[in-house]
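> Numbering (our numbering), first residue to last: 81 to 426. No residue lacks a Cβ here, since even glycine has one placed at the ideal position from N, Cα and C. These numbers come from a predicted model, not from an experiment. The structure that follows is given in the form of structure tokens.
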Amino acid sequence: MREIGIEELVIGDCLSKDVYNDLGNIILSQGTEITKRHIDYFKKHSIDYVYLDEMDSEAPILSNYELQTFNDLYANMIDIYKTLYFQIKAKHYEFDAMTLLDEIKPLVDHVLMDNDVLQCLRHVEVAEEYYIKHAVNVSVLSAITAKWMNMDSETVYTVALAGLLHDIGKALVDHNILFKPDQLSAYEMSNMKEHSKFGYEVIKNNPTVPREVLAAVLFHHERSDGNGYPSGLTEEQTPFLARIIAVADVFDAITSDRVYKEKVSSFKAFSIIKDESFRGLDPRVCEVFLSNIATFFVNNRVKLNDGRIGDVVYINKYALNRPLVRVNNEFVDLSMDYSVDIDDVL
Numbered sequence: 081m082r083e084i085g086i087e088e089l090v091i092g093d094c095l096s097k098d099v100y101n102d103l104g105n106i107i108l109s110q111g112t113e114i115t116k117r118h119i120d121y122f123k124k125h126s127i128d129y130v131y132l133d134e135m136d137s138e139a140p141i142l143s144n145y146e147l148q149t150f151n152d153l154y155a156n157m158i159d160i161y162k163t164l165y166f167q168i169k170a171k172h173y174e175f176d177a178m179t180l181l182d183e184i185k186p187l188v189d190h191v192l193m194d195n196d197v198l199q200c201l202r203h204v205e206v207a208e209e210y211y212i213k214h215a216v217n218v219s220v221l222s223a224i225t226a227k228w229m230n231m232d233s234e235t236v237y238t239v240a241l242a243g244l245l246h247d248i249g250k251a252l253v254d255h256n257i258l259f260k261p262d263q264l265s266a267y268e269m270s271n272m273k274e275h276s277k278f279g280y281e282v283i284k285n286n287p288t289v290p291r292e293v294l295a296a297v298l299f300h301h302e303r304s305d306g307n308g309y310p311s312g313l314t315e316e317q318t319p320f321l322a323r324i325i326a327v328a329d330v331f332d333a334i335t336s337d338r339v340y341k342e343k344v345s346s347f348k349a350f351s352i353i354k355d356e357s358f359r360g361l362d363p364r365v366c367e368v369f370l371s372n373i374a375t376f377f378v379n380n381r382v383k384l385n386d387g388r389i390g391d392v393v394y395i396n397k398y399a400l401n402r403p404l405v406r407v408n409n410e411f412v413d414l415s416m417d418y419s420v421d422i423d424d425v426l
């Protein structure tokens with residue numbers, strides 16, 4: 081919460097404290113979104129300042145140097161994971177997980193320092209297959225989620241390692257199934273679902289892999305309602321690291337282009353994750369992930385579903401995926417107009 085002068089108010093700002101008149105009566109309650117009518121009223125009645133939520137503050141824009149540093153670290157991790165992936169594909173299962181952990185720490189540290197993981201990933205210049213990039217993306221998304229959940233640094237790094245290895249079993253899935261551009265048959269889907277077991281088999285006898293990582297690799301597709309795989313575990317039965325990776329896995333999968341499906345915007349992904357928190361994904365992890373991810377939406381240039389281009393200027397904490405967008409000199413409040421949606425982040 082911060083105090084702000086009336087002259088600095090922007091349409092769409094959200095009050096974090098009730099506003100009273102001279103008689104002590106509430107004229108605007110906490111949570112009200114500011115309109116032009118409200119600003120005119122404040123000026124007319126000599127109300128000089130109000131208190132706003134911090135959510136309206138702008139997310140930092142990373143410098144070209146910071147983005148390039150991320151790209152370099154990301155490209156290095158892509159090479160390392162790709163080498164491991166094809167090593168596993170060739171049935172050579174011996175590797176040092178602690179060396180792998182040391183190699184990913186610089187990338188994780190860079191993301192944890194800058195925090196705006198969406199901006200970093202959006203500016204990745206590395207051309208590589210989805211299944212390779214996905215492992216690195218889930219690693220950093222899982223790590224930053226662990227940080228947001230106030231886990232200690234050792235656990236954050238363990239989560240990063242688990243995220244990197246979560247789909248390593250796909251190296252043993254039939255190539256034709258993995259890259260099939262059409263919908264999978266029931267048999268093919270059954271084979272694809274074996275990848276978590278395959279990954280477990282690959283690393284279960286490796287003494288350098290922490291047990292928490294082993295469990296996360298095996299159970300990252302379990303769901304709270306018991307409809308996941310391979311064991312149909314409920315939320316309480318699923319290891320917590322697996323639940324963190326599940327959220328990062330789903331978010332990256334639906335915001336990435338794949339052979340059979342185009343990506344959706346991070347705003348649409350936000351809605352999907354929120355819906356899934358009521359069914360299969362851990363609601364506590366989802367809440368932490370979404371509330372923090374939402375802070376990075378400010379400053380995004382977006383394309384609306386009616387073709388207009390604008391900039392996200394404000395995030396309403398009561399409708400995190402329905403921001404206020406400035407289009408030229410006009411403000412479009414998506415939390416009020418559900419006929420307008422965000423098609424893409426530019």
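Just grab the DSSP bridge partners of Ala399 for me.
Residue numbering aside, residue 399 sits at position 319 when the sequence shown is read from its first letter. Paired residue(s): Asn396.
> Count the other CB atoms within 10 Å of the CB of Gly390; is the residue buried (16 or more) or exposed (fewer)?
Translated into positions along the sequence shown, residue 390 becomes position 310. Looking at its Cβ environment, which holds 16 or more other Cβ atoms inside 10 Å, Gly390 is buried.
> Could you tell me the distance, in whole angstroms, from the CA atom of Asp413 to the CA atom of Val392?
Residue 413 sits at position 333 when you count from the first residue of the sequence shown. Residue 392 sits at position 312 when you count from the first residue of the sequence shown. So the two alpha carbons sit approximately 10 Å from each other.
> For Arg117, does the count of other Cβ atoms within 10 angstroms reach 16, so buried, or fall short, so exposed?
For the purposes of this step, residue 117 is taken as residue 37 along the sequence shown, with counting starting at 1. So Arg117 counts as exposed.
> Taking only the alpha-carbon atoms, compute the straight-line gap between Ile158 and Glu88 and give it to the nearest angstrom.
What you label residue 158 is simply residue 78 of the sequence shown in a count that begins at 1. What you label residue 88 is simply residue 8 of the sequence shown in a count that begins at 1. C-alpha separation (whole angstroms): 45 Å.
> Find the nearest neighbour of Asn156 within the set His125, Lys213, Ala177 and Phe122, judged by alpha-carbon distance.
Looking up residue 156 in the sequence shown gives position 76. Cα-wise, what sits closest to Asn156 is Lys213.
> Among Leu400, Asn217, Ile352 and Met178, which residue has its Cα nearest to the Cα of Val23?
Outside the shown range of the chain (81 to 426) lies residue 23, about which nothing can therefore be said.
> Output needed for Asn385: all residues of its chain with C-beta closer than 7 Å, excluding positions within five of it in sequence on either side, in chain order.
Residue 385 sits at position 305 when you count from the first residue of the sequence shown. For Asn385, where only same-chain residues beyond five positions count, the Cβ hits under 7 Å are Val420, Asp421 and Asp423.
> Between Val351 and the rest of its own chain, which residues show a CB-CB distance below 8 Å, the 5 nearest in sequence each way excluded?
On the sequence shown, residue 351 is found 271 positions in, with the first residue counted as 1. The question names Val, but residue 351 is Ser in the sequence shown. Hits under 8 Å: Asn401.
> Between Tyr131 and Glu83, which are expected to be in contact by the criterion C-beta below 8 Å, what is the C-beta distance as a whole number of angstroms?
For this step, residue 131 is matched to residue 51 along the sequence shown. For this step, residue 83 is matched to residue 3 along the sequence shown. Between Glu83 and Tyr131 the Cβ distance is about 6 Å, and since that is below 8 Å, they are a contact.
> Report buried or exposed for His255, applying the criterion of at least 16 other Cβ atoms within 10 angstroms of its Cβ.
Along the sequence shown, one-based indexing puts residue 255 at 175. Exposed is the call here.
> Give the secondary structure of Ile114 by DSSP, where H, G and I count as helix, E and B as strand, and everything else as coil.
Here residue 114 refers to the residue found at position 34 of the sequence shown. Coil, per DSSP.
> Under 7 Å between the Cβ atoms of Leu361 and Ala326?
Mapped onto the sequence shown, residue 361 falls at position 281. Mapped onto the sequence shown, residue 326 falls at position 246. Cβ atoms of Leu361 and Ala326: closer than 7 Å.
> Candidates Thr225, Val216 and Gln263: which alpha carbon is nearest Leu35's?
Nothing about residue 35 can be reported from this structure: the residues present for the chain run from 81 to 426 only.
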